[in-house]
Amino acid sequence: TLSGNYYVVGANAKPGSVQFDIVIYVNGTMFKTFKDNEGQIVADITDKLALGSNTVTLQAKKVISGGRASTSSSDVISVFIGKGNANGNQLTIDKQLATFKVDASQTADKTESFTFDAN
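One point on numbering: in our numbering, the residue at position 82 of the sequence shown is 385, and numbering is uninterrupted.
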């Protein structure tokens, strides 16, 4: 068993402005989609991980319907992968493992994979 919990945390300060949906894959299996209109997600991925090497892939897909909501590089969706603990409504990340960002100025889809050891 793993010694701690692992989380994917997504933040979008201006929901609907960046116009990217982020599809999250854990070890090649689709786990969740962080929609552009969601302000924040916190997802525990511990039970999807194996002891040792794991890969999380984040795929940002531009979703434009009815024109661009923003073209500002300051409108950002950030997704973090980290190891930590949840206590009630509070999450503490002790070790950040990866960061993925897209902003409203971007129009191309973006995919990035992060490999880390879970223990």
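Beta carbons are placed, not taken as given, at the ideal position from N, Cα and C, and that holds for glycine.
With H, G and I counted as helix, E and B as strand and the rest as coil, what does DSSP make of residue i?
{"i": "Thr349", "result": "helix"}
{"i": "Val321", "result": "coil"}
{"i": "Gly366", "result": "Looking at the sequence shown, residue 366 is not Gly but Val. Coil."}
{"i": "Leu354", "result": "coil"}
{"i": "Asn390", "result": "strand"}
{"i": "Glu415", "result": "strand"}
{"i": "Gln343", "result": "strand"}
{"i": "Gly331", "result": "coil"}
{"i": "Gln409", "result": "coil"}
{"i": "Asp378", "result": "coil"}
{"i": "Ala372", "result": "coil"}
{"i": "Leu400", "result": "strand"}
{"i": "Leu361", "result": "strand"}
{"i": "Thr304", "result": "coil"}
Rounding to the nearest angstrom, what Cα-Cα distance links residue i and residue j in this structure?
{"i": "Asp350", "j": "Val321", "result": "30 Å"}
{"i": "Thr418", "j": "Gly355", "result": "10 Å"}
{"i": "Leu352", "j": "Ala346", "result": "13 Å"}
{"i": "Lys386", "j": "Ile396", "result": "6 Å"}
{"i": "Asn330", "j": "Val359", "result": "6 Å"}
{"i": "Lys398", "j": "Ala372", "result": "34 Å"}
{"i": "Ser416", "j": "Tyr328", "result": "9 Å"}
{"i": "Asn388", "j": "Asn422", "result": "14 Å"}
Which residue comes first and which comes last in the beta strand (DSSP E) that contains residue i?
{"i": "Gly313", "result": "Asn308 to Asn315"}
So is residue i buried or exposed if we call it buried at 16+ other beta carbons inside 10 Å?
{"i": "Asn357", "result": "buried"}
Check your understanding: Between the stretch 327 to 336 and the stretch 390 to 406, are three or more C-beta pairs nearer than 8 Å?
Key -> Here the stretch 327 to 336 makes no contact with the stretch 390 to 406; the two share fewer than three CB pairs at distances below 8 Å.
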